[in-house]
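Enquirer:
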Amino acid sequence: MKRIGVTGHRGIPPEALTHVSAGLRAVLHGHRGSLEALSSLAVGADQIFADIALDCGAELTAVIPSGDYEQGFTGPGELARYRRLRSLATREVRLAFPVSTDEAYFAAGAYIADHCDRLLAVWDGLPARGHGGTGDIVRYARDLGKPVTIIWREGVERD
1 MKRIGVTGHR GIPPEALTHV SAGLRAVLHG HRGSLEALSS LAVGADQIFA DIALDCGAEL
61 TAVIPSGDYE QGFTGPGELA RYRRLRSLAT REVRLAFPVS TDEAYFAAGA YIADHCDRLL
121 AVWDGLPARG HGGTGDIVRY ARDLGKPVTI IWREGVERD
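Counting from 1, one number per residue, gives the positions in the sequence shown under the numbering used here.
1. Give the DSSP-derived three-state secondary structure of Arg81 in the structure shown.
2. I believe Leu85 touches Leu41 by the beta-carbon criterion, under 8 Å. Please report the beta-carbon distance rounded to the nearest angstrom.
3. Report the option in Cys116, Glu92, Ser34, Gly145 whose CA atom is closest to the CA atom of Thr173.
4. In terms of DSSP beta bridges, what is Ala107 paired with?
5. What does DSSP give as the partner residue(s) for Phe97 in the beta ladder?
6. Gly130: which of Thr101, Gly77, Arg32 sits nearest, CA to CA?
7. Can you give me the Cβ contacts of Val138 inside the same chain, cut-off strictly under 8 Å, excluding the 5 residues immediately before and after it?
8. Rounding to the nearest angstrom, what Cα-Cα distance links Ala37 and Lys146 in this structure?
9. Which residues does DSSP pair with Lys146 in a beta bridge?
10. Using CA atoms only, rank isn't needed, just tell me which of Arg94, Ala45, Pro65 is closest to Thr18.
11. According to DSSP, simplified to helix, strand and coil, what is Thr18?
12. Determine the direct distance from the alpha carbon of Tyr105 to that of Gly133, and round the result to whole angstroms.
13. Find the nearest neighbour of Thr61 within the set Asp68, Glu70, Asp51, judged by alpha-carbon distance.
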């Protein structure tokens, strides 16, 4: 079974959304054979990836960074969407962090990078805004020698 993980921004500008979704879909639809998709199911790139992976018939592994992770879903419909995706996951990995911190987020991203064969990064190429952000996980995966595919619409900046 091939394992593809995701790291990416929570906030994806509307002008990049179609491009990002199409890029994720192209990679996941282009895969042959059984597939495991690893995601922390965060708002943004993680949830878009998880939805597309499930649509492509992949088994979803939810990597939950902390015991209080659900408390971070505060926007309209965010928690319901997270819970729906989590309920569709074939496997769940719960990290031992009691509260959501940058360290917990980095550990979840590192877990995904450690356990995937390829990492998809929905990333604008800029440094992480906090420890454990997308830029940090891309660097971590590259240091491991993992193939990393960047998906982003050129010329679009994050908010």
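The beta carbon of each residue, even a glycine, is placed where N, CA and C say it ideally should be. The structure presented is a predicted model; accordingly, all values stated were derived computationally and were not measured.
Expert: To lay it out plainly:
1. Here DSSP, grouped into helix, strand and coil, assigns Arg81 to helix.
2. 5 Å
3. Any question about residue 173 goes unanswered here, given that the chain covers just 1 to 159.
4. Paired residues: none, contrary to the question.
5. Ser66
6. The option with the nearest alpha carbon to Gly130 is Thr101.
7. Thr7, Leu119, Ala121, Trp123, Val148, Ile150
8. 15 Å
9. None, per the DSSP bridge assignment.
10. Ala45
11. DSSP places Thr18 in helix when its eight states are reduced to three.
12. 8 Å
13. Asp51
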